[in-house]
Amino acid sequence: MEALISQLSRMQISEFFSRNAPVTQQQCNLEAARIAGASARPATVQGGTSYTVVAEGYAVQFRASNSALDLEFLGGVEQAYAGFTPLHENAGKLGELLIYKMNNVGGVAMYLARDQLYRDNYRLLRQTLQDYASFFASAWYNTPKWMPYPNPELLLDDYTSKLTELSRALPNRFRQTLEYLIARLPDLFADDWPMVPNHTDLLENNIHVDPSTGEACGHLVTGRITEVSPFGMSLGGLETMLGINKIREGWCYHANQQALRDVFWTTFYEALGNNTDERIEVARLAGLFLANGWEYDDEGNKVPVREGSRDLAYLDAVVLGK
Numbered sequence: 062m063e064a065l066i067s068q069l070s071r072m073q074i075s076e077f078f079s080r081n082a083p084v085t086q087q088q089c090n091l092e093a094a095r096i097a098g099a100s101a102r103p104a105t106v107q108g109g110t111s112y113t114v115v116a117e118g119y120a121v122q123f124r125a126s127n128s129a130l131d132l133e134f135l136g137g138v139e140q141a142y143a144g145f146t147p148l149h150e151n152a153g154k155l156g157e158l159l160i161y162k163m164n165n166v167g168g169v170a171m172y173l174a175r176d177q178l179y180r181d182n183y184r185l186l187r188q189t190l191q192d193y194a195s196f197f198a199s200a201w202y203n204t205p206k207w208m209p210y211p212n213p214e215l216l217l218d219d220y221t222s223k224l225t226e227l228s229r230a231l232p233n234r235f236r237q238t239l240e241y242l243i244a245r246l247p248d249l250f251a252d253d254w255p256m257v258p259n260h261t262d263l264l265e266n267n268i269h270v271d272p273s274t275g276e277a278c279g280h281l282v283t284g285r286i287t288e289v290s291p292f293g294m295s296l297g298g299l300e301t302m303l304g305i306n307k308i309r310e311g312w313c314y315h316a317n318q319q320a321l322r323d324v325f326w327t328t329f330y331e332a333l334g335n336n337t338d339e340r341i342e343v344a345r346l347a348g349l350f351l352a353n354g355w356e357y358d359d360e361g362n363k364v365p366v367r368e369g370s371r372d373l374a375y376l377d378a379v380v381l382g383k
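Residue numbering for the sequence shown follows this note's numbering, beginning at 62 and increasing consecutively.
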């Protein structure tokens with residue numbers, strides 16, 4: 062796994078500097094060292110639209126202007142998930158590249174710590190799941206009231222339209238669940254249900270853990286993959302911690318995934334004061350369908366996933382338990 066990640070990161074770095082010439086990687090490394098006041102090295106895990114350098118207690122990130130971070134929005138995210146996300150600040154420019162400095166959350170990307178987390182019947186993963194539950198629950202209490210959010214009526218119409226299209230296009234085995242979700246969607250926009258920043262791409266590369274303890278060090282967020290929507294819409298991200306997407310077999314849950322799932326939900330509901338509102342499950346399932354119910358056809362059009370696709374097999378596993 063580490064070799065594959067290293068290869069992917071080298072490719073992403075090469076592509077980033079090809080797109081953003083004449084600025085070079087060496088120039089960015091030197092500038093990052095100057096900003097942080099310490100020697101710098103490329104982060105182990107890179108992204109497709111940025112170049113990140115780690116220097117002591119900081120991470121310095123370089124971005125093209127068309128991939129700028131919305132620091133005001135991220136300030137709201139940082140407040141909603143206080144203690145779980147890095148604090149971002151503007152650090153100037155290098156040529157045409159924008160520079161951002163943030164505290165280094167430490168640890169390693171979760172998929173680089175699988176061996177440690179999975180040992181002894183997933184003992185350390187249980188700690189990660191507890192911290193992850195606290196991360197989700199934090200937004201219920203801490204999302205700032207000033208944070209801008211989309212028009213609820215328009216967002217409800219958008220969700221309803223998309224889930225209705227999926228109910229017509231996906232195999233019949235999903236229809237009952239989708240019709241239930243469509244009927245319950247308005248409840249997610251009631252005055253007593255909070256709108257919070259939800260990460261729309263919760264994967265093991267976004268979550269950093271201490272491989273010696275399993276404690277979650279932090280969750281990496283950007284404005285481009287975070288949206289303000291009803292609380293619970295990103296809870297489907299839990300599934301990524303309960304199994305592995307294998308090349309041949311597709312999605313495979315851990316043998317004790319139910320026990321691990323119970324660890325998460327026990328901590329989550331305790332953090333919410335034992336609030337077991339059904340809307341939590343409605344939001345979780347709606348988020349899973351909206352995130353995984355679509356694919357792109359040969360012409361680049363976004364269409365419902367089809368029988369035989371890996372995404373549909375994933376929905377079978379996480380929604381229907383097949």
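For each residue, glycine too, the CB sits at the ideal point set by N, CA and C.
All values reported here derive from a predicted model rather than from experimental measurement.
First through last residue of the alpha helix (DSSP H) which encompasses residue i
i: Trp326; result: Gln318 to Ala332
i: Met72; result: Glu63 to Arg80
i: Leu381; result: Where Leu381 is concerned, there is no enclosing alpha helix (DSSP H), given that its DSSP letter is neither H nor E.
i: Asn151; result: Taken as a continuous stretch (DSSP letters only), Asn151 belongs to no alpha helix (DSSP H), being part of the beta strand (DSSP E) at His149 to Leu155.
i: Val146; result: Reading off the sequence, residue 146 comes out as Thr, not Val. Per DSSP, Thr146 belongs to no alpha helix (DSSP H) and is neither H nor E.
i: Arg234; result: Counting along the chain, Arg234 falls outside any alpha helix (DSSP H), and DSSP gives it neither H nor E.
Selection from the options that minimises the alpha carbon distance to residue i
i: Gly118; options: Gly168, Glu76 and Gly153; result: Gly168
i: Asp131; options: Glu288, Leu242 and Ala320; result: Glu288
i: Tyr172; options: Asn151, Pro211 and Thr189; result: Thr189
i: Tyr183; options: Ala320, Gly334 and Thr328; result: Ala320
i: Thr301; options: Ala332, Ser290 and Arg322; result: Arg322
i: Leu69; options: Gln107, Asp253 and Pro103; result: Gln107
i: Met163; options: Leu381, Trp207, Phe329 and Leu135; result: Leu135
i: Trp207; options: Gly275, Pro255, Tyr241 and Arg180; result: Pro255
i: Glu276; options: Ile66, Lys307, Arg187 and Glu356; result: Arg187
i: Ser75; options: Pro103, Gly98, Ile96 and Ala94; result: Pro103
i: Ile308; options: Gln177, Arg371 and Ala332; result: Arg371
i: Asn151; options: Gly304, Ala97, Asp176 and Gly382; result: Ala97
i: Gln191; options: Asn212, Cys278, Asp359 and Arg95; result: Cys278
i: Glu331; options: Ala101, Ser199, Asn212 and Tyr210; result: Ser199
i: Asn165; options: Pro209, Tyr241, Pro211 and Ala116; result: Ala116
6 angstroms CB neighbourhood of residue i in its chain, flanking five on each side removed
i: Glu92; result: Leu155
i: Leu376; result: Asn353
i: Ala174; result: Val270 and Pro272
i: Ala194; result: Phe325, Thr328 and Phe329
i: Pro306; result: Sequence check: residue 306 is Asn here, not Pro. Counting only Cβ-Cβ distances below 6 angstroms, and skipping sequence neighbours, we find Trp312.
Residue i, DSSP secondary structure in three states
i: Trp201; result: helix
i: Glu139; result: helix
i: Arg309; result: coil
i: Glu360; result: coil
i: Ser111; result: strand
i: Ala99; result: coil
i: Gly167; result: coil
i: Gly275; result: coil
i: Ala93; result: helix
i: Pro247; result: helix
i: Ala116; result: strand
i: Gly369; result: coil
Residue span of the beta strand (DSSP E) that contains residue i, given as start and end
i: Thr287; result: Thr287 to Pro291
i: Phe123; result: Tyr119 to Arg124
i: Pro365; result: Lys363 to Pro365
i: Gly348; result: Counting along the chain, Gly348 falls outside any beta strand (DSSP E), though it belongs to the alpha helix (DSSP H) covering Arg340 to Asn353.
i: Tyr161; result: Leu158 to Asn164
i: Pro213; result: Per DSSP, Pro213 belongs to no beta strand (DSSP E); it is in the alpha helix (DSSP H), Pro213 to Ala230.
i: His315; result: Premise fails: His315 is in no beta strand (DSSP E) and is neither H nor E.
i: Asn259; result: Met256 to His260
i: Val106; result: It is not in any beta strand (DSSP E) - Val106 carries neither H nor E in the DSSP assignment.
i: Val270; result: Ile268 to Val270
Beta-carbon contacts of residue i that lie in its chain and below 8 angstroms, excluding the five residues immediately before and after
i: Ser295; result: Phe197, Asn259, His260, Thr261, Leu263 and Gly348
i: Thr85; result: Phe78
i: Ala129; result: Leu159
i: Arg80; result: Ala125
i: Thr221; result: Ile243 and Leu246
i: Arg236; result: Ser228
i: Asn317; result: Asn182 and Tyr183
i: Ser111; result: Phe77, Gln122, Phe123, Arg124 and Ser128
i: Val380; result: Phe235, Thr238, Leu346, Leu349 and Phe350
i: Thr274; result: Leu185 and Gln188
i: Tyr314; result: Leu303, Gly304 and Ala378
i: Glu157; result: Asn81, Val84, Ala125 and Ser126
Spatial neighbours of residue i in its chain, beta-carbon cut-off 7 angstroms, leaving aside the 5 residues before and after
i: Gly109; result: Gln73
i: Glu63; result: Leu173
i: Leu217; result: Leu246, Pro247 and Phe250
i: Glu356; result: Val364, Val366, Ser370 and Asp372
i: Ala344; result: Leu249, Pro291, Phe292, Gly293, Met294 and Leu296
i: Leu65; result: none
i: Lys383; result: Asp377
i: Tyr266; result: As written in the sequence, residue 266 is Asn, which differs from the Tyr given in the question. The answer, listed in chain order, is Val106, Ala170 and Tyr172.
i: Thr225; result: Ile243
Would you call the stretch 362-372 and the stretch 268-279 in contact, with 3 or more CB pairs under 8 angstroms?
-> no
Is the stretch 229-238 touching the stretch 255-266 in the sense that three or more CB pairs, one from each, lie closer than 8 angstroms?
-> no
Any 3 or more C-beta pairs closer than 8 angstroms across the stretch 136-143 and the stretch 201-220 = yes
Decide yes or no for the touch test of the stretch 242-252 against the stretch 336-344: beta carbon pairs closer than 8 angstroms, at least 3 of them.
-> yes
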